[in-house]
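Asks:
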Amino acid sequence: MIKQTYKKWIAACTVTSSLLLGACTSTPPSVRDVSIVPLPNNVQQDSSAFVLPKSCTIGITDSRLAPAAEYLAGILSPSTGYNIKVQDGEGTITLSLGEVEGKEGAYQLKTDTKKINIKGNSYGGVIAGIESLRQLFPPQIESKQIVDGVDWAIPSVDINDAPRFAWRGIMLDVSRHFYSKDEVKELLDVMALYKMNKFHWHLTDDQGWRIEIKKYPLLTEKGAWRKFNSHDKECIRQSKVNDNPDMAIPESKIRIVEGDTLYGGYYTQEDIKEVIAYAKVRGIDIVPEIDMPGHFLAAITQYPDLACDGLIGWGETFSSPICPGKDTTLEFCQDVFKEIFDLFPYEYVHMGGDEVEKNNWKKCPRCQKRIRTEGLKSVEDLQAWFVRDMEKFFLANGKKLIGWDEVVADGLTSDAAITWWRSWSKEAVPMATSQGQRVIACPNEYFYFDYAQDKNSVKKILAYDPYADDRLSPEQKECFWGVQANLWAEWIPSMKRIEYLILPRMVALSEIAWVQPEAKPDLKEFYRQLVPHFKRMDIL
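Under our numbering, the first residue of the sequence shown is numbered 141, with each subsequent residue one higher.
(1) Out of curiosity, what's the CA-to-CA distance linking ASN500 and ASP475?
(2) Residues in its own chain within less than 7 Å of MET571 by CB, not counting five upstream and five downstream?
(3) Secondary structure at ASP575, three-state DSSP: helix, strand or coil?
(4) Can you tell me where the alpha helix (DSSP H) holding PRO583 begins and where it ends?
(5) Please specify which runs of the beta strand (DSSP E), each continuous and at least 3 residues long, are wholly inside the region 302-331, giving them in chain order.
(6) Tell me the DSSP secondary structure of ALA438 in three-state form.
(7) Determine the extent of the beta strand (DSSP E) in which SER187 is found, giving its start and end residues.
(8) Judging by CA-CA distance, which residue of TYR356, ASN382 and LYS373 is the nearest neighbour of THR441?
(9) Return the Cβ separation of ASP173 and PRO672 in integer angstroms, given the expectation that the two are a contact with Cβ distance under 8 Å.
(10) Out of LEU216, GLY269, ARG676 and LEU446, which has the shortest C-alpha to C-alpha gap to ASN182?
(11) Which residue or residues does DSSP assign as beta-bridge partners of THR401?
(12) Suppose only complete runs of 4+ residues qualify. What are the alpha helix (DSSP H) ranges in the region 634-670, listed by chain order?
(13) For PRO614, count neighbouring C-beta atoms within 10 Å of its own C-beta (all shown protein chains included) and say buried if the count is 16 or more, exposed if not.
(14) What does the alpha-carbon distance come out to for the pair ILE601 and VAL655?
(15) Candidates CYS507, TYR488 and GLY242: which alpha carbon is nearest LEU535's?
(16) Residues bridged to PHE620 by DSSP?
(17) Helix or strand or just coil, what does DSSP make of LEU627?
(18) Using 8 Å as the threshold, is the C-beta distance between VAL240 and GLY265 below it?
(19) Below 8 Å between beta carbons: does that hold for LEU663 and VAL598?
(20) Grouping DSSP H, G and I as helix and E and B as strand, with all else coil, what is LYS367?
(21) Going by the beta-carbon positions, is the gap between ALA629 and VAL330 smaller than 8 Å?
(22) Can we say the region 293-303 touches the region 244-260, given the rule of at least three CB pairs closer than 8 Å?
(23) Quick one: which unbroken alpha helix (DSSP H) runs of 4-plus residues sit fully inside the region 442-517? Chain order, please.
(24) When you compare only the Cα positions, how much space is there between GLU651 and THR234?
(25) Helix, strand or coil for SER236, going by three-state DSSP, please let me know.
(26) Counting only the same chain and skipping the five closest in sequence on each side, list residues whose C-beta sits under 7 Å from that of LYS675.
(27) Taking 8 Å as the threshold (C-beta atoms), are GLY576 and CYS507 in contact?
(28) Do you know whose CA, among GLU391, VAL287, LYS509 and GLY492, lies nearest ARG428's CA?
(29) Using the Cα positions of ARG304 and PRO180, report the straight-line distance between them to the nearest angstrom.
(30) Would you kindly report the start and end of the unbroken alpha helix (DSSP H) that includes LEU216?
(31) Do the region 364-377 and the region 606-613 make contact, defined as three or more Cβ pairs closer than 8 Å?
(32) Check whether the Cβ of PRO614 lies closer than 8 Å to any Cβ atom in chain B.
(33) Along the chain, where does the alpha helix (DSSP H) that runs through PHE526 open and close?
(34) For GLY363 and GLU352, what's the separation of their Cα atoms in angstroms?
(35) For TYR667, count neighbouring Cβ atoms within 10 angstroms of its own Cβ and tell me buried if that reaches 16, exposed if not.
(36) Which partner residues does LYS540 have in the DSSP bridge list?
Right under this line is the structure:
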């Protein structure tokens with residue numbers, strides 16, 4: 141039924157669209173094509189239209205929806221110039237909570253010539269309905285200035301919609317290159333438009349520490365800044381050779397200290413709170429990542445005692461890790477996470493756990509003593525012990541742990557989740573799901589959006605299905621939480637470069653995250669519905 145509805149809708153959308161006319165005349169407005177992505181489950185449309193009146197009000201039937209109503213008013217007011225007010229009860233546009241079939245995020249959107257009603261089964265469902273309504277309006281609705289000569293009309297529709305996956309994520313690495321809080325907000329805006337609801341914020345790594353920790357001020361006073369490294373220099377070279385300003389290092393993130401040119405930046409705790417609040421309004425949960433025990437040089441450089449004694453620096457492949465043999469190191473890690481827990485309201489926090497080079501642990505007397513004391517057999521067991529110890533700390537403080545798929549064999553509880561990134565690690569997903577742990581699929585082969593795009597990128601994303609592994613039982617498949625794209629920032633020095641890399645791939649990701657497999661568009665259909673969005677993207 142879903143597929144048939146979609147086919148009829150696409151067939152209707154092949155008709156040459158006409159602009160909505162006659163909003164202020166006696167001429168009935170005609171209807172432009174509907175193009176909502178990700179594709180709704182069920183759309184019914186007739187030939188009538190709703191024309192946004194200058195006296196438009198947004199009504200809420202639940203006080204919890206006040207932020208959503210203000211968000212919608214903020215979308216509709218700047219380009220129209222209308223003074224749209226929010227009120228209790230019904231309005232021209234009414235937002236409500238209620239029973240809507242489907243996973244969290246399901247919604248109903250009904251419009252006729254006079255009214256619009258959006259009902260969600262959660263706050264996130266109402267936001268999803270708002271994003272579909274937003275896409276029904278002409279693309280000029282995205283303008284932040286008044287646009288004259290546009291008829292603010294939409295077709296009369298009845299939409300019933302729900303997501304396939306609860307986790308529809310984007311990860312941004314801000315360590316290799318730093319993005320300001322306003323740039324992060326720009327990414328959150330695009331995520332919301334296409335119904336992505338989890339923002340994984342990779343806040344620390346070897347190249348920079350980006351979040352203020354009040355107990356350890358050197359992490360940002362010194363650890364957030366660096367001299368140009370090899371990646372920075374290559375980006376600068378490419379920006380000049382290719383005449384590409386998107387590859388240049390932004391001057392706003394450069395400062396001169398005692399004659400040294402330093403590059404970087406960080407978020408104060410007030411900045412973090414501001415971004416969290418901004419995301420919450422848009423129905424997006426933020427998952428912070430403080431990566432350990434490896435990828436920790438930005439901290440170790442400022443607090444050398446965190447490392448094994450006399451063993452700081454880069455190993456053969458990855459940076460030297462913290463020393464889990466020292467109680468003071470464990471205390472430092474817990475202190476950092478205490479402040480993280482207090483800042484971020486979402487129940488899950490990411491601890492990394494990937495790419496840990498353990499040669500130092502083999503040489504370190506303290507690590508070897510810890511192995512003997514805890515009855516462990518190897519440095520691999522020592523990492524597993526550290527990860528389990530941190531999970532206990534998370535749970536004791538009301539949080540749950542997410543790690544990269546390297547932690548899958550570390551003996552974590554079923555409360556833990558993994559982000560599966562290693563496409564070649566074929567046993568990670570079966571093992572995690574057999575342990576009752578949630579899996580977020582972000583295999584590098586498909587979802588590393590820092591990789592170069594080619595003509596097959598979108599086709600490959602649309603073809604991906606995490607359920608394709610026939611080794612998984614129905615119960616194991618239920619452990620799939622969703623999908624996520626990752627942006628590792630070695631070669632992404634600017635927000636413009638991010639935009640170039642994520643679009644249109646993020647739109648394709650939203651399709652497989654939201655749409656049921658039987659209704660998922662093929663490549664031709666996807667591009668057909670994508671084309672009307674180019675103007676919207678240009679304005680944004």
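Glycine included, each C-beta is placed from N, C-alpha and C at the ideal position.
Replies: In terms of the structure at hand:
(1) If you number the sequence shown from 1, residue 500 lands on position 360. If you number the sequence shown from 1, residue 475 lands on position 335. Each residue's Cα considered, the two are about 24 Å apart.
(2) Position 431 of the sequence shown, counted from the first residue, corresponds to residue 571. Only VAL548 and ALA549 meet the Cβ criterion.
(3) If you number the sequence shown from 1, residue 575 lands on position 435. Note on identity: in this sequence residue 575 is Gln, with Asp being the wrong assignment. When secondary structure is reduced to three states using DSSP, GLN575 falls in the coil class, being assigned neither helix nor strand.
(4) If you number the sequence shown from 1, residue 583 lands on position 443. It is not in any alpha helix (DSSP H) - PRO583 carries neither H nor E in the DSSP assignment.
(5) DSSP runs (the beta strand (DSSP E)) wholly in the region 302-331: 307-313.
(6) Residue numbering aside, residue 438 sits at position 298 when the sequence shown is read from its first letter. Three-state result, ALA438: helix.
(7) As a first step, residue 187 is located in the sequence shown; it is residue number 47 there, counting from the start. Note, SER187: beta strand (DSSP E), 182-191.
(8) Against the sequence shown, residue 441 aligns to sequence position 301. The shortest C-alpha separation from THR441 is found at TYR356.
(9) Taking the sequence shown and counting its residues from 1, one reaches residue 173 at position 33. Taking the sequence shown and counting its residues from 1, one reaches residue 672 at position 532. PRO672 and ASP173 do touch by the CB rule: their CB atoms are close to 7 Å apart, below 8 Å.
(10) Sequence index remark: in the sequence shown, residue 182 carries index 42 (1-based). Minimum Cα distance to ASN182 is reached at GLY269.
(11) In the sequence shown, the residue the question calls residue 401 occupies position 261. DSSP output for THR401 lists ILE396 as bridge partner(s).
(12) Residue ranges of uninterrupted alpha helix (DSSP H) with 4 or more members, entirely inside the region 634-670 and ordered along the chain, are 635-642, 645-654 and 663-670.
(13) On the sequence shown, position 474 is the one that residue 614 refers to. Result: exposed.
(14) Residue numbering aside, residue 601 sits at position 461 when the sequence shown is read from its first letter. Residue numbering aside, residue 655 sits at position 515 when the sequence shown is read from its first letter. Their backbone Cα atoms lie some 13 Å apart in a straight line.
(15) Position 395 of the sequence shown, counted from the start, is the residue given in the question as residue 535. Answer by Cα proximity: TYR488.
(16) One-based indexing of the sequence shown puts residue 620 at position 480. Bridge partners of PHE620: VAL579.
(17) For the purposes of this step, residue 627 is taken as the residue at position 487 of the sequence shown. When secondary structure is reduced to three states using DSSP, LEU627 falls in the strand class.
(18) Along the sequence shown, read from residue 1 onward, the residue named residue 240 stands at position 100. Along the sequence shown, read from residue 1 onward, the residue named residue 265 stands at position 125. Cβ distance < 8 Å, so VAL240 and GLY265 count as in contact.
(19) On the sequence shown, residue 663 is found 523 positions in, with the first residue counted as 1. On the sequence shown, residue 598 is found 458 positions in, with the first residue counted as 1. Against a cut-off of 8 Å, the Cβ pair of VAL598 and LEU663 comes out as a contact.
(20) Along the sequence shown, read from residue 1 onward, the residue named residue 367 stands at position 227. In the structure shown, the three-state DSSP call for LYS367 is coil.
(21) As a first step, residue 629 is located in the sequence shown; it is residue number 489 there, counting from the start. As a first step, residue 330 is located in the sequence shown; it is residue number 190 there, counting from the start. No, they are not a contact pair.
(22) Short answer: they touch.
(23) List check, alpha helix (DSSP H) in window: 467-483, 499-503 and 505-513.
(24) Stepping through the sequence shown from its first residue, residue 651 is reached at position 511. Stepping through the sequence shown from its first residue, residue 234 is reached at position 94. The alpha-carbon atoms of GLU651 and THR234 are separated by roughly 27 Å.
(25) The residue given as residue 236 occupies position 96 in the sequence shown. Assigned with DSSP and collapsed to three states, SER236 falls in strand.
(26) Mapped onto the sequence shown, residue 675 falls at position 535. Only PRO279 meet the Cβ criterion.
(27) Numbered from 1 along the sequence shown, position 367 holds the residue referred to as residue 507. Numbered from 1 along the sequence shown, position 436 holds the residue referred to as residue 576. CYS507 is not a Cβ neighbour of GLY576, given a cutoff of 8 Å.
(28) Here residue 428 is taken as the residue at index 288 of the sequence shown, counted from 1. Checking the displayed sequence, the identity of residue 428 turns out to be Pro instead of Arg. It is GLY492 whose Cα lies nearest to the Cα of PRO428.
(29) To locate residue 304, count along the sequence shown from 1; it is residue 164. To locate residue 180, count along the sequence shown from 1; it is residue 40. Computed Cα separation, rounded: 11 Å.
(30) The residue you call residue 216 lines up with position 76 of the sequence shown. Per DSSP, the continuous alpha helix (DSSP H) segment holding LEU216 begins and ends at 206-220.
(31) Cβ pair count under 8 Å is below three, so no.
(32) The chain inventory of the structure shown lacks chain B, comprising one protein chain alone.
(33) By one-based count along the sequence shown, residue 526 stands at place 386. For PHE526, the uninterrupted alpha helix (DSSP H) run begins and ends at 519-536, by DSSP.
(34) Looking up residue 363 in the sequence shown gives position 223. Looking up residue 352 in the sequence shown gives position 212. So the alpha carbons of these two residues sit roughly 10 Å apart.
(35) Position 527 of the sequence shown holds residue 667. Residue environment for TYR667: exposed (fewer than 16 other C-beta atoms within 10 angstroms of its C-beta).
(36) Working through the sequence shown from its first residue, we reach residue 540 at position 400. In DSSP, LYS540 forms a bridge with TYR488.
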